[in-house]
Amino acid sequence: MPAADARPLLPLPDALARTAEAVAAYIDGAIAASGAPGERLAAAMRHATLAGGKRLRPFLVVETAALFGVPANRAMPAAAALECIHCYSLVHDDLPAMDDDDLRRGQPTVHRAYDEATAILAGDGLLTLAFEILAREEAGPDAGVRIALVASLARAAGVAGMIGGQMLDLAAEGRFGGGAPLDLPADEIIRLQAMKTGALLRQACEAGALLGGATPDERESLDRYARAVGRAFQIADDLLDVEGEAGTVGKAVGKDAAAGKATLVGKLGVEGARAELACLVAEAESALERFGKAATLLVEAAHFVAERRN
Numbered sequence: 008m009p010a011a012d013a014r015p016l017l018p019l020p021d022a023l024a025r026t027a028e029a030v031a032a033y034i035d036g037a038i039a040a041s042g043a044p045g046e047r048l049a050a051a052m053r054h055a056t057l058a059g060g061k062r063l064r065p066f067l068v069v070e071t072a073a074l075f076g077v078p079a080n081r082a083m084p085a086a087a088a089l090e091c092i093h094c095y096s097l098v099h100d101d102l103p104a105m106d107d108d109d110l111r112r113g114q115p116t117v118h119r120a121y122d123e124a125t126a127i128l129a130g131d132g133l134l135t136l137a138f139e140i141l142a143r144e145e146a147g148p149d150a151g152v153r154i155a156l157v158a159s160l161a162r163a164a165g166v167a168g169m170i171g172g173q174m175l176d177l178a179a180e181g182r183f184g185g186g187a188p189l190d191l192p193a194d195e196i197i198r199l200q201a202m203k204t205g206a207l208l209r210q211a212c213e214a215g216a217l218l219g220g221a222t223p224d225e226r227e228s229l230d231r232y233a234r235a236v237g238r239a240f241q242i243a244d245d246l247l248d249v250e251g252e253a254g255t256v257g258k259a260v261g262k263d264a265a266a267g268k269a270t271l272v273g274k275l276g277v278e279g280a281r282a283e284l285a286c287l288v289a290e291a292e293s294a295l296e297r298f299g300k301a302a303t304l305l306v307e308a309a310h311f312v313a314e315r316r317n
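Residue numbers (our numbering): 8 to 317.
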């Protein structure tokens, strides 16, 4: 059973900020200790990771682990490793060969602030740093748990998860062979997005459950929550691309339709997508019922994901 949560319950914005600050400090220290030669590569890695962001994925690691009495400092290596993976994926996703974006979090993307070669290497550096962090004893005294964390993150980030989802996304745009964008049915769009976006969000909750020694039933409840949040996150992101303003969102908008991307907003329409969002938030809440008040911040995070403006 989950441990009683004796921590003071912070408002969600404060809790997110607390985790964001701790994760940034941890990653900054890890980059400093990484042995990157010269300053340019380390600076590009810092540009990719320390330029703000919601830090939702590490927040989910910390808060899921907290359900089982695991303090934030013990969850921090797993949280930071996941954020390194997420940030590496953004660096590569922004490259001209992928989405060709100039802005990320309101600042120049890494290949614009530096150059394409440095951006590729900075992304590679963050990818490998993530697994170095998880291999260290500070990631957990139990070697079996550390191995499980490495396997979990590799699976979520790899060809059966984020990378595979990105490949499906590019194929749906008609990027290979000069074809036209594909008119995917809704179930295939959901599968694509569950891999590209949802896999890392699910891994965040899986990591917290692994650190906390959750039972199979508890892990299944948390996975239901994470799957719902992952789908909600992508729908909200697609709505921002349709309705948002670049200055608020922090990156270019209106690119999905121009690129022929397969999205549920395109398939369901704005109102249909908003109705789906409401259903997904309800599903996330239902999945956490067994954890009671200890899961308050996780419930609030599901609403935050659906209502975000950047």
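For glycine and all other residues, C-beta sits at the position ideal for the given N, C-alpha and C.
This structure is a prediction, so every number in the text was calculated from the model and none was measured.
CB-CB under 7 Å to residue i, same chain, minus the five flanking residues each way: which ones, in chain order?
{"i": "residue 31", "result": "57"}
{"i": "residue 297", "result": "228"}
{"i": "residue 212", "result": "67, 71, 229, 230, 232, 233"}
{"i": "residue 78", "result": "none"}
With a threshold of 16 other CB atoms inside 10 Å of the CB of residue i, please say whether the residue is buried or exposed.
{"i": "residue 248", "result": "buried"}
{"i": "residue 277", "result": "exposed"}
{"i": "residue 293", "result": "exposed"}
{"i": "residue 75", "result": "buried"}
{"i": "residue 352", "result": "Absent from the model: residue 352. The displayed extent of the chain is 8 to 317, so no value can be given."}
{"i": "residue 16", "result": "exposed"}
{"i": "residue 300", "result": "exposed"}
{"i": "residue 46", "result": "exposed"}
{"i": "residue 149", "result": "exposed"}
{"i": "residue 135", "result": "exposed"}
{"i": "residue 88", "result": "buried"}
{"i": "residue 111", "result": "buried"}
{"i": "residue 316", "result": "exposed"}
{"i": "residue 224", "result": "exposed"}
Select from the options the residue whose C-alpha is nearest the C-alpha of residue i.
{"i": "residue 163", "options": "78, 22, 214", "result": "214"}
{"i": "residue 291", "options": "175, 282, 309, 281", "result": "309"}
{"i": "residue 193", "options": "186, 179, 77, 187", "result": "179"}
{"i": "residue 86", "options": "218, 272, 231", "result": "218"}
{"i": "residue 324", "options": "131, 60, 69", "result": "Residue coverage of the chain in this structure runs from 8 to 317, which leaves residue 324 outside it and unanswerable."}
{"i": "residue 4", "options": "105, 224, 82, 170", "result": "With the chain covering 8 to 317 only, the question about residue 4 has no answer from this structure."}
{"i": "residue 174", "options": "35, 106, 73", "result": "106"}
{"i": "residue 84", "options": "53, 114, 34", "result": "34"}
{"i": "residue 245", "options": "40, 53, 314", "result": "314"}
{"i": "residue 91", "options": "113, 101, 65", "result": "65"}
8 Å is my cut-off, CB to CB: does residue i come that close to chain B?
{"i": "residue 138", "result": "Included in the structure is just one protein chain, with no chain B present."}
Less than 8 Å between the C-beta atoms of residue i and residue j, yes or no?
{"i": "residue 108", "j": "residue 116", "result": "yes"}
{"i": "residue 133", "j": "residue 55", "result": "yes"}
{"i": "residue 284", "j": "residue 19", "result": "no"}
{"i": "residue 37", "j": "residue 140", "result": "yes"}
{"i": "residue 238", "j": "residue 196", "result": "no"}
{"i": "residue 280", "j": "residue 272", "result": "yes"}
{"i": "residue 202", "j": "residue 151", "result": "no"}
{"i": "residue 61", "j": "residue 97", "result": "no"}
{"i": "residue 137", "j": "residue 189", "result": "no"}
{"i": "residue 40", "j": "residue 49", "result": "no"}
Excluding the five sequence neighbours on either side, which residues of its own chain have a C-beta within less than 6 Å of the C-beta of residue i, listed in chain order?
{"i": "residue 51", "result": "117, 121, 125, 129"}
{"i": "residue 200", "result": "241"}
{"i": "residue 11", "result": "Its pLDDT being 47, under 50, residue 11 is placed unreliably in this model, and the value from its coordinates should be taken loosely. So no residue of the chain qualifies."}
{"i": "residue 25", "result": "none"}
{"i": "residue 191", "result": "179, 269"}
Ignore the nearest five residues each way along the sequence and tell me which others in residue i's own chain have a CB closer than 8 Å to its CB.
{"i": "residue 240", "result": "63, 204, 205, 208, 312"}
{"i": "residue 329", "result": "With the chain represented from 8 up to 317, any question about residue 329 goes unanswered, as that position is not in the structure."}
{"i": "residue 155", "result": "217"}
{"i": "residue 226", "result": "213, 216"}
Exercise for the section: Run through the segment 27-90 for me and flag every whole alpha helix (DSSP H) of 4 or more residues, listed as ranges in chain order. Expected result: As far as the segment 27-90 is concerned, its whole alpha helix (DSSP H) runs of at least 4 residues are 47-56, 63-73.
Practice task
Run through the segment 270-299 for me and flag every whole alpha helix (DSSP H) of 4 or more residues, listed as ranges in chain order.
Solution key: Listed in chain order, the complete alpha helix (DSSP H) runs (minimum 4 residues) inside the segment 270-299 are 271-294.
Practice task
Just list the beta strand (DSSP E) runs in the segment 97-138, keeping only unbroken ones of 3 residues or longer that don't cross its boundaries, in chain order.
Solution key: Complete beta strand (DSSP E) runs here, min 3: none at all.
Handout entry: Runs of alpha helix (DSSP H) wholly within the segment 189-222 (minimum 4 residues, chain order)
Key = Scanning the segment 189-222 for uninterrupted alpha helix (DSSP H) segments of 4 residues or longer gives 193-200, 206-219, listed from N- to C-terminal end.
Exercise for the section: Counting only runs of 4+ residues fully inside the segment 158-188, write out the alpha helix (DSSP H) ranges in chain order. Expected result: The qualifying runs are 169-179.
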